[in-house]
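Notes follow once the structure below has been shown.
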Amino acid sequence: MADYISKAESCAIDRQIQQDKKLLKSKPGILLIGTSGSGKTTLLKQVKILHEGGFSATELAKFRPIIFQNVLDSAQAMVMYMRNAGLACVNVENITHCEKILKYTFDVSSGSPQNIYLSTEITNAICCMWADPIMVKIMEDNLDKLRLMDNTRYFLNNIHVIGKMGYTPNQTDALYAYQKTEGLTKTEMRIGSVKMDISELGGLHYGHEKLFRFFENMSAIMFFTAISDYDKEDWACRNRLGESIVLFEAVVNSPWFSHSSIILYLNKLDLLIENLPEVPLKQYFTDYTGGNDLNKAIKYILSLFMKVNRAGLRVFSHAARVIDPSDTCVGLLSIVIKEAILENSLKDHQIL
Numbered sequence: 011m012a013d014y015i016s017k018a019e020s021c022a023i024d025r026q027i028q029q030d031k032k033l034l035k036s037k038p039g040i041l042l043i044g045t046s047g048s049g050k051t052t053l054l055k056q057v058k059i060l061h062e063g064g065f066s067a068t069e070l071a072k073f074r075p076i077i078f079q080n081v082l083d084s085a086q087a088m089v090m091y092m093r094n095a096g097l098a099c100v101n102v103e104n105i106t107h108c109e110k111i112l113k114y115t116f117d118v119s120s121g122s123p124q125n126i127y128l129s130t131e132i133t134n135a136i137c138c139m140w141a142d143p144i145m146v147k148i149m150e151d152n153l154d155k156l157r158l159m160d161n162t163r164y165f166l167n168n169i170h171v172i173g174k175m176g177y178t179p180n181q182t183d184a185l186y187a188y189q190k191t192e193g194l195t196k197t198e199m200r201i202g203s204v205k206m207d208i209s210e211l212g213g214l215h216y217g218h219e220k221l222f223r224f225f226e227n228m229s230a231i232m233f234f235t236a237i238s239d240y241d242k243e244d245w246a247c248r249n250r251l252g253e254s255i256v257l258f259e260a261v262v263n264s265p266w267f268s269h270s271s272i273i274l275y276l277n278k279l280d281l282l283i284e285n286l287p288e289v290p291l292k293q294y295f296t297d298y299t300g301g302n303d304l305n306k307a308i309k310y311i312l313s314l315f316m317k318v319n320r321a322g323l324r325v326f327s328h329a330a331r332v333i334d335p336s337d338t339c340v341g342l343l344s345i346v347i348k349e350a351i352l353e354n355s356l357k358d359h360q361i362l
């Protein structure tokens, strides 16, 4: 049999490639997957801010109760850790403030967002607690033991603004606000000239592979992992980076995704830079030998994900932080989606 294709077959392939190019002008499907807190929702918010004019005043107001709950959860977690560790505030008067913080509660589910606020008393208590010198020591010396949200520093540093009557979140506040995503959410978005349907599968962990079959025709799977989670534990006291690798293994080897391009986004690079000198990676992954070298740490963590790619799929990888105000992540997504659709077309016709 001749080792070439006929002119008719060549023309058919060309027509198919042109049709696939037209998909870029329609709406390719993108599925965002990752463990809780890995940055999936943050990407969607970044796209809205950078490419769709940002959140409206009404939408921003809806983030108020979420931000207030984030602030309270972080402040209470700090006080609880301090108490359990046998530590105390340097300024004695702050002990009373800590008691107020632990007892404070509000129902964010009742009333409109405009009617939910932090009282002046609790705002002052959190300000005083956060300014106590013991907090610097706790954040520097016990970072690996604290189970804090990544937005803790940002919101507590801005508590004097957030606690004011009439506070309205700005675009950056909305970006940092965290609310766990459950189930499936779908969003239609445009990045540059590319329209796309983005599906986010929230609350996902190993064992949910039965859901993958519903997303067989996705153009690309964008897998998020928090690269800084090497020292964190999930609700079941399992290493969070390890759990992310297990989930990625299920994704990259799933027959349902064999025709989708895989994008591995190593998120929260800024937190890795902060953590690495304080909390050795080797303490949690004993075969790591790169010390505090950032590039070696990134390559090592990436290798852990690549080792489980038994299907041998091509994986586009990128390390950065989704919350960065630059367009790096969003721009990468646009480029990769274009390449992914064309590459999959060539694969389908056995050219690659």
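Following this note's numbering, the numbering of the sequence shown begins with 11 at its first residue and continues without gaps. Every residue gets a Cβ at the ideal spot worked out from N, C-alpha and C, and that includes glycine. Quick caveat: nothing in here was measured; it's all calculated off a predicted structure.
Same chain only: Cβ atoms within 8 angstroms of residue i, ignoring 5 sequence neighbours per side
{"i": "Ile345", "result": "none"}
{"i": "Met92", "result": "Ala98, Cys99, Cys108, Ile144 and Ile148"}
Residues near residue i in its chain [Cβ-Cβ closer than 6 angstroms; skip 5 each side]
{"i": "Leu41", "result": "Ser209, Phe225, Met228 and Ile231"}
{"i": "Asn285", "result": "Ser238"}
{"i": "Glu349", "result": "none"}
{"i": "Ile132", "result": "Tyr114"}
{"i": "Thr195", "result": "Glu210"}
Neighbourhood of residue i by C-beta distance below 7 angstroms, restricted to the same chain and skipping five residues each side
{"i": "Val261", "result": "Ile43, Ile231, Phe233 and Phe267"}
{"i": "Cys137", "result": "Ile169 and His170"}
{"i": "Pro287", "result": "Asn302"}
{"i": "Lys35", "result": "Caution is warranted here: a pLDDT of 48 is assigned to Lys35, below 50, making its placement in the model unreliable, and the coordinate value is therefore given only provisionally. None."}
Residues that residue i bridges to, as DSSP identifies them
{"i": "Ile40", "result": "Ile208 and Ala230"}
{"i": "Ala275", "result": "With the sequence shown as reference, residue 275 is identified as Tyr, and Ala is not the correct amino acid for it. Per DSSP, Phe234 and His328."}
{"i": "Glu243", "result": "Asn249"}
{"i": "Thr197", "result": "Ile208"}
Candidates the options, of which the one nearest residue i by Cα
{"i": "Ile311", "options": "Glu259, Tyr240 and Gln293", "result": "Tyr240"}
{"i": "Gln56", "options": "Asp83, Asp142, Thr182 and Lys155", "result": "Thr182"}
{"i": "Lys306", "options": "Arg324, Leu282 and Val102", "result": "Leu282"}
{"i": "His61", "options": "Val204, Gly300, Leu158 and Asp83", "result": "Val204"}
{"i": "His269", "options": "Thr299, Arg324 and Val289", "result": "Arg324"}
{"i": "Asp160", "options": "Gln293, Pro287, Ala71 and Ala85", "result": "Ala85"}
{"i": "Arg223", "options": "Pro290, Ala71, Pro265 and Ile272", "result": "Pro265"}
{"i": "Ile272", "options": "Lys309, Ala321 and Asp297", "result": "Ala321"}
{"i": "Ile59", "options": "Phe326, Met206, Leu185 and Ala246", "result": "Leu185"}
{"i": "Tyr177", "options": "Val102, Lys190, Ser327 and Tyr127", "result": "Tyr127"}
{"i": "Gln189", "options": "Arg200, Gly173 and Gly212", "result": "Gly212"}
CB of residue i within 7 angstroms of CB of residue j, strictly
{"i": "Val89", "j": "Ile111", "result": "yes"}
{"i": "Lys278", "j": "Ala329", "result": "no"}
{"i": "Lys242", "j": "Arg248", "result": "no"}
{"i": "Ile255", "j": "Phe315", "result": "yes"}
{"i": "Val332", "j": "Leu53", "result": "yes"}
{"i": "Glu253", "j": "Val318", "result": "no"}
{"i": "Asp207", "j": "Gly39", "result": "yes"}
{"i": "Leu291", "j": "Ser327", "result": "no"}
{"i": "Pro179", "j": "Leu82", "result": "no"}
{"i": "Thr191", "j": "Thr51", "result": "yes"}
{"i": "Leu158", "j": "Ala246", "result": "no"}
With three or more C-beta pairs closer than 8 angstroms as the rule, is the stretch 46-54 touching the stretch 68-87? no
Are the stretch 64-72 and the stretch 156-168 touching, with three or more C-beta to C-beta distances below 8 angstroms? no
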